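Each residue of the sequence shown is one higher than the one before, starting from 144 at the first, in my numbering. By construction, the Cβ of each residue, glycine as well, lies at the ideal position given by its N, Cα and C atoms. Just so you know, these numbers come straight off a predicted model, no measurement behind them. For reference, the structure discussed in these notes is given below.
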Amino acid sequence: MCFRTLVNNGDENPDRGNWTNKTEYILSMIGYAVGLGNIWRFPYMAYKNGGGAFLIPYLLMLVLCGIPLFFLESAIGQFCSQGPINMWRAVPVLQGVGLSMVMVNALVSIYYNVIIAYSLYYMFASMQFPLPWSSCSSWADRKCSSLPKVYCNVSGVLMTNWTQENITCPSSNKITVSVESPSEQYWDHVALQRSSGLDETGPVVWHLALCLLLSSIIVAAALIRGIKSSGKVVYFTATFPYVVILILLIRGVTLEGARDGIDFYIGSQSNLTKLTEGQVWKDAATQTFFSLSIAWGGVPTLASYSNFHNNMFLDSVIVTVINDGTSVFAGFAIFSILGHMAHVYGKPIGNVVKEGFGLAFIAYPDALAKLPISPLWSILFFFMLLTVGLDSQFAAIEVITTCLLDAFPNILKSKRAVVTILTCIIVFLLGLPCVTRAGIYWVTLIDQFVASWVMLILALMEIIGFCYIYGVNRFIKDIEMMIGKKSFCFWLWWRACWLFLTPCIIAVILVWSLVIFVPPTYGKVQYPAWGLALGWSMVAFVLIWIPVIAFYKVIKAKGNFCKVISLCSPSEEWHPYLDIHRGERYSKNTAAEETVSDNKTEDKKM
């Protein structure tokens with residue numbers, strides 16, 4: 144055993160490999176958890192829900208929901224050293240949940256790859272002066288204008304130069320014509336070459352297709368040796384965004400209007416009365432949940448490469464706190480520059496604030512175009528989006544390849560590079576419809592249907608499976624095998640979270656999300672009926688594996704009642720990966736006795 148460890152670069156688990164050191168693991172976890180939602184969604188959510196007051200429910204949801212789920216998933220992955228499918232050997236009847244997680248990653252990796260392509264395109268487009276979206280150019284139409292157009296109705300004639308002719312125009316006669324900023328038209332007409340709707344697919348936008356190819360090549364190169372290569376890349380990709388955010392913040396606070404922007408974000412404009420509104424608490428829980436990428440399978444996958452006795456509890460607290468801190472930190476950089484933009488345009492902050500694509504590719508580029516040396520700031524910003532997107536994409540692809548390698552270790556173990564390259568090629572090909580002229584509609588459809596409340600269902604199934612069916616007492620014993628004995632009071636809190644607080648919060652959010660669900664749109668463009676049906680089909684494709692796999696296993700039991708019941712008990716393959724870590728609890732006789740004993744204990748508690 145010692146000889147095998149030495150010849151495998153010091154890996155505790157030579158068959159699967161381990162992180163080279165703790166730093167690479169933490170940086171990979173931070174890179175995975177800190178995604179685009181921290182930068183382009185949280186600031187808007189805080190602004191909309193009372194500014195600084197929003198931090199109260201946001202931090203509370205981190206404690207009640209974020210940390211418990213992150214701790215749960217990290218412990219599962221580290222204990223069994225398996226990906227999201229094989230970790231369900233603990234509850235075989237729910238193994239379909241693991242397959243659903245892989246399906247989510249497959250679909251999400253497609254549209255994340257496209258977002259990385261957008262960032263690459265804008266980064267390259269920023270390498271010119273002036274920035275191409277700084278003014279209306281040949282690609283613009285008559286609606287393009289940097290300033291609002293106001294006409295005066297003088298005796299039935301619309302005049303544009305009434306101020307120059309010293310004509311006083313009553314406010315009742317002023318007509319404001321809606322205009323589109325140069326950055327908005329550049330996004331629609333040049334970057335996306337956007338069609339009128341999902342029905343009008345149009346040709347592939349080749350500059351985006353080439354950026355999509357480059358994105359796939361970067362991801363494949365970074366993951367060619369699995370965590371051994373990606374662990375080196377994250378030293379840069381996980382830390383560089385913080386450098387850029389700090390640079391943009393320092394530059395932003397020196398601009399006129401920055402104080403107004405920060406006040407609207409989290410300062411004196413904070414509205415504590417918002418805390419009485421249920422929507423604020425729902426938004427806080429949703430943002431906490433999705434910003435940590437819970438139930439995507441990435442957390443247990445990355446944790447599965449940790450050493451068995453690694454303190455995953457401390458890691459979970461560190462990563463989740465840094466994740467939430469990043470959201471708040473990024474908001475200052477975003478709103479300081481948006482405040483300057485509002486000052487330049489003479490508009491209220493609320494009229495320039497957007498979220499999602501609107502913030503990243505319209506509002507913020509527009510604001511950056513107003514700064515001196517604008518190409519520099521633009522390149523930094525889009526390079527930051529690129530690195531943040533890449534870290535999330537690394538984990539998504541790693542989930543897929545890890546599951547394949549765990550499923551067919553004898554065949555694929557020596558072919559990791561081939562599996563990674565083929566996975567990236569497939570993701571690239573499936574992403575091509577998303578870089579047609581209707582591509583943004585496809586990206587939005589996947590985002591709204593797959594990367595939203597489907598995660599809530601999977602997270603709820605995780606808690607039901609491991610805390611109720613497998614048994615929270617047995618699960619705690621597994622954790623103590625890794626991090627040592629803990630006090631009763633310590634586990635009392637986690638029992639309360641896993642058995643009651645966290646599942647109740649998830650259930651409320653899930654029901655609420657379904658009740659208030661409205662069909663997604665892109666701006667003012669409505670989706671056709673067949674597009675919405677396709678969205679629901681993607682949801683069904685992700686979730687259908689849960690009942691299908693359960694039904695298959697029950698049928699395979701051939702009506703044998705004992706075998707059906709055993710599907711709710713750990714299989715013989717559920718144990719720590721290495722023999723040296725199994726101890727007496729997971730020897731064959733002891734494991735069988737403990738299964739009966741723990742089941743009786745759980746029955747008494749229930």
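Check, Outcome
"Endpoints, alpha helix (DSSP H) assigned at Ala-381", "First-last for Ala-381: undefined, no H or E at that position."
"Through-space distance from Ile-652 to Tyr-378, alpha-carbon basis", "36 angstroms"
"Residue interval of the alpha helix (DSSP H) (run including Met-604)", "597-606"
"According to DSSP, residues forming a beta bridge with Val-668", "Tyr-665"
"Minimum C-alpha distance to Ile-606 - residue among Arg-580, Ala-485, Thr-397 and Cys-647", "Cys-647"
"Of the listed residues Cys-632, Tyr-584 and Ile-589, nearest to Asp-342 (C-alpha basis)", "Tyr-584"
"Residue from Pro-325, Pro-491 and Asn-454 with nearest C-alpha to Lys-757", "A query on residue 757 cannot be resolved here, the shown segment of the chain reaching from 144 to 749 and no further."
"Three-state secondary structure (DSSP) of Thr-344", "coil"
"Three-state secondary structure assigned by DSSP to Thr-563", "helix"
"Through-space distance from Val-442 to Glu-216, alpha-carbon basis", "6 angstroms"
"Inter-residue Cα distance where the pair is Ile-169 and Thr-664", "37 angstroms"
"Glu-167 (DSSP reduced to helix, strand or coil)", "helix"
"Among Trp-634, Leu-686, Met-624 and Val-668, nearest to Tyr-729 - alpha-carbon criterion", "Met-624"
"Entirely enclosed alpha helix (DSSP H) segments - the region 521-585, minimum 4 residues", "552-555 and 559-574"
"Three-way DSSP call (helix, strand, coil) for Cys-208 in this model", "helix"
"Asn-156 versus Ala-446: straight-line alpha-carbon distance, rounded", "13 angstroms"
"Pair within 8 angstroms by beta-carbon distance, Leu-481 and Ala-506", "yes"
"Buried or exposed (CB count within 10 angstroms, at least 16 for buried), Gln-307", "In this prediction, Gln-307 scores a pLDDT of 48, lower than 50, which makes its location untrustworthy; no coordinate-derived value is stated."
"Distance between Leu-353 and Lys-417 (C-alpha atoms, nearest Å)", "46 angstroms"
"Rounded straight-line distance, which links the Cα of Gly-489 to that of Ser-243", "49 angstroms"
"Proximity of Trp-655 and Val-615 at Cβ, strictly below 8 angstroms", "no"
"Delimiting residues of the alpha helix (DSSP H) encompassing Asp-722", "Counting along the chain, Asp-722 falls outside any alpha helix (DSSP H), and DSSP gives it neither H nor E."
"Per-residue burial, Trp-276 [other beta carbons within 10 Å of its own, 16 or more giving buried]", "buried"
"Span of the alpha helix (DSSP H), counted from its first residue to its last, around Thr-444", "441-446"
"At least 3 beta-carbon pairs within less than 8 angstroms: the region 267-281 vs the region 517-533", "yes"
"Three-state class that DSSP yields for Cys-287 in the structure shown", "strand"
"Spatial distance of Leu-263 from Thr-382 (CA atoms)", "19 angstroms"
"Cβ-Cβ distance between Gly-193 and Val-423 below 8 angstroms", "yes"
"Cβ neighbour criterion (16 or more within 10 Å) applied to Tyr-695", "exposed"
"Counterpart residues of Glu-323 in DSSP-defined beta bridges", "Cys-287"
"Presumed contact (8 angstroms Cβ cut-off) between His-332 and Ala-401, rounded CB distance", "The pair is not a contact, with the Cβ atoms about 31 angstroms apart (cut-off 8 angstroms)."
"Exposure of Arg-559, with buried meaning 16 or more beta-carbon neighbours within 10 Å", "buried"
"Buried versus exposed, by CB contacts within 10 Å (16 or more), Glu-327", "buried"
"Supposed close pair Met-246, Trp-673 - CB separation, criterion 8 angstroms", "About 21 angstroms; that fails the 8 angstroms criterion."
"Helix, strand or coil at Gln-221 according to DSSP, with G and I counted as helix", "helix"
"Whether Ala-539 touches Asn-248 by CB criterion (8 angstroms)", "yes"
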